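Residue numbers for the sequence shown, in the working numbering: 140 to 304. C-beta atoms are modelled at their ideal positions from N, C-alpha and C, and glycine is treated no differently. As the structure is a computational prediction, the values presented were derived from the model and not from experiment.
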Amino acid sequence: MARHRLERVQFIPRPREEVFAFFSDARNLERLTPEFLNFRILTAGRIEMRPGALIDYELRLHGLPVRWRTRIERFEAPRTFVDVQLSGPYRLWHHTHEFLEVAGGTQMRDAVDYELPGGPIGEVVHELWVKKQLDRIFSYRWQAVESVFGPASTSSEHTEPCATS
């Protein structure tokens with residue numbers, strides 16, 4: 140199985156504590172997910188973000204319902220948290236969220252390590268579809284973050300393009 144990595148770095152012109160509070164509220168995932176995925180959280184009530192917290196959700200891939208269960212593996216406010224997929228479409232999904240204080244705001248870094256099931260067929264599916272879908276989803280998320288917090292300056296020093304391998 141090949142392990143892949145998706146990375147994004149985005150400058151957000153708001154204080155780190157505010158940005159971290161937004162991203163560590165699981166209910167905000169719906170605001171950051173493209174509508175075509177029909178994403179919805181299934182976990183009832185308030186979700187307390189802490190190591191060991193479980194979050195269940197459902198989305199649709201090409202019209203087919205997919206259930207996903209995430210566990211918060213690490214939670215260190217206001218610097219970082221890590222979520223891992225316990226069940227869902229990936230063989231492995233390990234998503235690290237980091238928040239750094241920088242001049243004028245916060246630098247947010249996403250690093251997702253993932254593997255697909257299916258051996259060689261999974262790798263073909265990755266190249267033909269999954270890699271593009273993840274880029275599309277994280278590009279949407281980038282724009283959604285800007286709509287919530289405001290756009291960064293036009294300077295490229297605050298942004299880094301998506302890298303997916």
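Ordered along the chain, which non-local residues of its own chain (more than five positions away) have a Cβ less than 8 Å from that of residue i?
{"i": "residue 284", "result": "149, 151, 171 and 247"}
{"i": "residue 206", "result": "181, 195, 196, 197, 226 and 227"}
{"i": "residue 142", "result": "231, 252, 253 and 254"}
Among the residues of its own chain, which have a CB less than 6 Å from the CB of residue i, if the five just before and after it don't count?
{"i": "residue 179", "result": "197"}
{"i": "residue 240", "result": "155"}
Using the C-alpha atoms, what's the distance from residue j back to residue i?
{"i": "residue 147", "j": "residue 160", "result": "19 Å"}
{"i": "residue 145", "j": "residue 185", "result": "29 Å"}
{"i": "residue 80", "j": "residue 267", "result": "Only positions 140 to 304 of the chain appear in the structure, and residue 80 is not among them; the question remains open."}
{"i": "residue 274", "j": "residue 281", "result": "10 Å"}
{"i": "residue 299", "j": "residue 249", "result": "Because the pLDDT of residue 299 is 49, which lies under 50, any placement of that residue in the model is unreliable, and the question is left without a value."}
{"i": "residue 183", "j": "residue 190", "result": "18 Å"}
{"i": "residue 260", "j": "residue 176", "result": "23 Å"}
{"i": "residue 202", "j": "residue 242", "result": "43 Å"}
{"i": "residue 215", "j": "residue 238", "result": "10 Å"}
{"i": "residue 233", "j": "residue 222", "result": "6 Å"}
{"i": "residue 200", "j": "residue 278", "result": "17 Å"}
In terms of residue numbering, what span does the alpha helix (DSSP H) encompassing residue i cover?
{"i": "residue 277", "result": "270-288"}
{"i": "residue 259", "result": "258-264"}
{"i": "residue 156", "result": "155-162"}
{"i": "residue 170", "result": "168-171"}
Out of the options, which has the shortest C-alpha to C-alpha gap to residue i?
{"i": "residue 168", "options": "241, 276 and 214", "result": "276"}
{"i": "residue 245", "options": "269, 258, 210 and 288", "result": "288"}
{"i": "residue 220", "options": "157, 231 and 236", "result": "236"}
{"i": "residue 140", "options": "290, 199, 256 and 166", "result": "256"}
{"i": "residue 187", "options": "210, 218 and 272", "result": "210"}
{"i": "residue 193", "options": "218, 157 and 224", "result": "224"}
Going along the chain, which residues of its own chain have a beta-carbon closer than 7 Å to the beta-carbon of residue i, five neighbours each way excluded?
{"i": "residue 204", "result": "197"}
{"i": "residue 263", "result": "none"}
{"i": "residue 265", "result": "143 and 255"}
Specify, as a first and last residue, the run of the beta strand (DSSP E) that residue i falls within.
{"i": "residue 253", "result": "244-254"}
{"i": "residue 211", "result": "203-215"}
{"i": "residue 186", "result": "Note, residue 186: premise wrong, no beta strand (DSSP E); not H, not E."}
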